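A.B. asks:
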Amino acid sequence: MIMKNSLKLMMVVMFAIYMVSCQSKEEKAEEFIKNELSKTLYDFESYQPIETTVTEAKMTMFNDSACRSQAAVIDYGIKKAKEYLNDSKNAKERMEIWGKPSYYSSSYSDNQYYKYKEEYEENFKKGRDAYALCKTLADELKKEITKLDTTKVIGWEAKHRFRCKTKGGNSTIADYRYVFDKDFKRVIVREDMDNEDESRIRDVLISVVEGDFED
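Under numbering that gives the first Met the number 0, the residue at position 173 of the sequence shown is numbered 172, and the numbers go up by one with no gaps.
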């Protein structure tokens, strides 16, 4: 009896393995993606897959998690630099409105001028330093990108389009990009193609390669 039960269990396991091995790349990707989205979508009950295409994924800057993380840091640095320089510009405008201290200006006017002058200089320096740091990080990232073996196959890239409902209850169509390992067991990259933050990461990577951060 024990032998018979063991044999049955072995046959079930072998059948399960066989069924998994018979799945197409698209079916494996869809199964994995569906499981992932069940944990993250606001209204998973509204999830409706539309199309999935699977191709080989190679070691590009878009598929390397370290390069993407560095690009995200640069993107944040650029954002902060712009904020500092914008604050600097506003402070300079206020400084000029009050005008330089003179024999005829009041102490209040003089204090306002120096107050905004200090804000202008401080924010300008912060913005300039932030851009300089981004330039240094971009140089380092460019070196790392050139080291990538872009002929190396690292797994599979799946582009998945689906329909779902937003928090407001509106139906929308989303496009996600996944990069899986060769066995469809691990997600290397997950990218919402309509997400502005992730689009900027892609833009930074392209800018680094094209030399837009050069002096």
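Even glycine gets a Cβ: it sits at the ideal position worked out from N, Cα and C. All figures in this text were calculated on a predicted structure; none of them were measured in a lab.
When the Cα atoms are used, what is the spatial distance from I187 to D109?
C.D. replies: Cα-Cα distance, rounded: 58 Å.
A.B. asks: Using 10 angstroms around the beta-carbon of T51, count the other beta-carbons present and answer buried if the total reaches 16, otherwise exposed.
C.D. replies: With 16 or more Cβ atoms within 10 Å of its Cβ, T51 is classed as buried.
A.B. asks: Is the Cβ-Cβ distance between N122 and A90 less than 8 Å?
C.D. replies: yes
A.B. asks: Would you call the stretch 68-84 in contact with the stretch 129-137, where contact means no fewer than 3 C-beta pairs closer than 8 Å?
C.D. replies: yes
A.B. asks: Considering only residues of the same chain and omitting the five flanking positions on each side of E118, which have a CB-CB separation below 6 Å?
C.D. replies: A90
A.B. asks: DSSP state of G76, grouped into three classes?
C.D. replies: helix
A.B. asks: So, using beta-carbon positions, are A157 and A28 closer together than 8 Å?
C.D. replies: Cβ atoms of A157 and A28: closer than 8 Å.
A.B. asks: Taking the beta strand (DSSP E) that E190 falls in, what are its first and last residues?
C.D. replies: 186-191
A.B. asks: Leaving out the 5 sequence neighbours to the left and right, which residues in its chain are closer than 8 Å to V208 when beta-carbon positions are compared?
C.D. replies: M60, K141, I144
A.B. asks: Taking all protein chains shown into account, decide if S87 is buried (16 or more other Cβ within 10 angstroms of its Cβ) or exposed.
C.D. replies: buried
A.B. asks: I'd like to confirm the pairing. Which residues does DSSP put opposite I172 in its beta bridges?
C.D. replies: According to DSSP, which records beta bridges pairwise, I172 is partnered with R162.
A.B. asks: Note down, in chain order, each residue of its chain lying with its Cβ closer than 7 Å to the Cβ of F161, except the 5 sequence neighbours on either side.
C.D. replies: Y46, Q47, P48, I49, A173
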